[in-house]
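Residue 0 is where the sequence shown starts when you use numbering that gives the first Met the number 0, and the numbers rise one by one after that. From the three backbone atoms N, C-alpha and C, an ideal C-beta is built for every residue, glycine too. Keep in mind it's a predicted model, so treat the numbers as computed, not measured.
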Amino acid sequence: MPQNFSEIIFLIVVGTILILLMVGFIIFMIFLHRNRQLKNKQDMLRTRQDYEQALLQTRLEIQEQTLKHVAREIHDNIGQVLSFIKLNLNTMETAAEPEKIVMLQESKSLISKVISDLRNLSKSLGMEHLAH
0 MPQNFSEIIF LIVVGTILIL LMVGFIIFMI FLHRNRQLKN KQDMLRTRQD
50 YEQALLQTRL EIQEQTLKHV AREIHDNIGQ VLSFIKLNLN TMETAAEPEK
100 IVMLQESKSL ISKVISDLRN LSKSLGMEHL AH
């Protein structure tokens, strides 16, 4: 019996140690899993922030390009035509009557062109705004 009793105690001790090792392994795996979940959440948050930052940067660049485009269109097209109309109207004061009629018709035509250019520019801005 003493040998049988010592075997039982040995089995109980070994069984207890094995159970404790399994419980320790399970706790370690749970801890490892939670750390991975936290790391994944942090990575997702960082990725989302990077995406939003890139999106904001892109929007700012598009706005800057749009403003440059508008400024260039106003300066190159509309500004020049209006300056020519002003010059045309100034020279009309000293021109003869038949030349005044031609200059007036030319000025009206140029004003129509400026209005058309402004409409086109306004429409293009509206389309660029809708594209965002």
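Per DSSP, reduced to three states, the secondary structure at residue 92 is coil, with no helix or strand assignment. The shortest CA-to-CA distance from residue 113 to any of 58, 76, 43 is the one to 76.
Counting the other Cβ atoms within 10 Å of the Cβ of residue 110 gives fewer than 16, which makes it exposed. No Cβ-Cβ contact shorter than 8 Å links residue 91 with residue 85. Assignment of alpha helix (DSSP H) within the region 39-73, counting only whole runs of 4 or more residues, yields no such run.
From the listed residues 7, 30, 121, the smallest Cα separation to residue 70 is found for 121. With respect to the 8 Å criterion, residue 89 and residue 102 are not classified as neighbours on the basis of their beta carbons. Straight through space, the alpha carbons of residue 105 and residue 73 are spaced by roughly 20 Å. A Cβ-Cβ contact shorter than 8 Å links residue 65 with residue 124.
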